[in-house]
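Q:
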Amino acid sequence: MSKVIAFLGSPRKNGFSARLVSSVLDGARSAGAEVVVYDLNADGVKGCQGCFWCRAHDGCATRDKLQPMYEDIVSADGIVAGFPIYFGTVSGQAKLWMDRLYPMYGDDFVPRHPGKKMVTVYAQANGDSTRFADAVHSTDGYFAGIGWEVIESLLIYGDVAPGYEIPRELTVRAFEAGRLLVSAG
Numbered sequence: 354m355s356k357v358i359a360f361l362g363s364p365r366k367n368g369f370s371a372r373l374v375s376s377v378l379d380g381a382r383s384a385g386a387e388v389v390v391y392d393l394n395a396d397g398v399k400g401c402q403g404c405f406w407c408r409a410h411d412g413c414a415t416r417d418k419l420q421p422m423y424e425d426i427v428s429a430d431g432i433v434a435g436f437p438i439y440f441g442t443v444s445g446q447a448k449l450w451m452d453r454l455y456p457m458y459g460d461d462f463v464p465r466h467p468g469k470k471m472v473t474v475y476a477q478a479n480g481d482s483t484r485f486a487d488a489v490h491s492t493d494g495y496f497a498g499i500g501w502e503v504i505e506s507l508l509i510y511g512d513v514a515p516g517y518e519i520p521r522e523l524t525v526r527a528f529e530a531g532r533l534l535v536s537a538g
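Counting with the numbering used here, you get residues 354 to 538 for the letters of the sequence shown.
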């Protein structure tokens, strides 16, 4: 059975990025994947301590709710991450998680666990889809640096308009991205 790991970087449990990640996971489940979800806003999630334990070990010395993610990532076929964009970049919760991925680099910044397929989901209030393109490009580039291939990057924008709903074509793309994540893994 395939395994897909999801990371929710929003403090809003039913926010737009979380809802679109859910559509990706529905697609992955429909293709037979087991799904594991990490809420990056959960109590007990700590940031990188800069201890460099991970330079000599595969994993992290910090014992918190993210500790199991290292084994989950190694065994995962696909990874999904949801990011709200706050003040021009990903949320603090998402950045904290990205810092905790330092163990994904080995010596000389060679990826330790390359070849993972990934879907990224972004949500921004600004109605200009290009307004924070640098944040999306930079974040997707970060994952490329640790050897993961972003096979789909989805963007919700203008979501503060009264009565805003995620466009159906975007939820369909998200569902198909989840299916593709499983078949590409």
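Yeah, the Cβ is synthetic: ideal placement off N, Cα and C, and Gly gets one too.
1) Mind pulling the beta strand (DSSP E) runs of 3 or more residues that sit fully within the segment 370-441?
2) Can you check the segment 454-532 for any beta strand (DSSP E) of at least 3 residues that lies completely inside it and give the ranges in chain order?
3) Alpha carbon to alpha carbon, what distance is there between Val443 and Ser383?
4) Drop a sphere of 10 angstroms on the beta-carbon of Ala359, count the other beta-carbons inside from all chains shown, and report buried for 16 or more, exposed for fewer.
5) Spatial neighbours of Phe496 within its chain, please: C-beta separation below 7 Å, excluding the five flanking residues on both sides.
6) On a Cα-Cα basis, can you pick out the residue from Thr492, Ala409, Ala381 and Ile438 that is closest to Gly368?
7) Glu518: buried (16+ other C-beta within 10 angstroms of its C-beta) or exposed?
8) Check the C-beta distance from Val546 over to Ala527 and give it rounded, since I have them as a contact under 8 Å.
9) Within 10 Å of its beta-carbon, does His410 have 16 or more other beta-carbons around it, so buried, or fewer, so exposed?
10) Below 8 Å, can you find three or more Cβ-Cβ pairs linking the segment 503-517 to the segment 464-479?
11) What residue from Ala395, Leu373, Gly362 and Met354 has the CA that sits closest to Asp512's CA?
12) Are the segment 396-404 and the segment 412-421 in contact at 8 Å, needing three or more beta carbon pairs?
13) Output the boundary residues of the beta strand (DSSP E) element that contains Lys356.
14) Using a 10 Å radius around the Cβ and a threshold of 16 neighbouring Cβ atoms, would you call Ser482 buried or exposed?
A: Reading from the atomic positions:
1) 387-392 and 431-439
2) 470-477 and 502-510
3) For the purposes of this step, residue 383 is identified with residue 30 of the sequence shown, where counting begins at 1. For the purposes of this step, residue 443 is identified with residue 90 of the sequence shown, where counting begins at 1. Cα-Cα distance, rounded: 29 Å.
4) Reading the sequence shown from its first residue, position 6 is the one you call residue 359. Burial call: buried.
5) The residue labelled residue 496 in the question sits at position 143 within the sequence shown. So the list reads Met471 and Val503, once near-sequence residues are dropped.
6) Counted from its first residue, the sequence shown places residue 368 at position 15. Here the closest residue by C-alpha is Ile438.
7) Here residue 518 is taken as the residue at index 165 of the sequence shown, counted from 1. Burial call: exposed.
8) Within the shown structure, residues of the chain are numbered from 354 to 538, placing residue 546 beyond reach of any answer.
9) For the purposes of this step, residue 410 is taken as residue 57 along the sequence shown, with counting starting at 1. So His410 counts as exposed.
10) yes
11) Here residue 512 refers to the residue found at position 159 when the sequence shown is read from its first residue. When only C-alpha atoms are compared, the closest one is Leu373.
12) yes
13) Along the sequence shown, one-based indexing puts residue 356 at 3. That run of the beta strand (DSSP E) goes Lys356 to Leu361.
14) One-based indexing of the sequence shown puts residue 482 at position 129. It counts as exposed.
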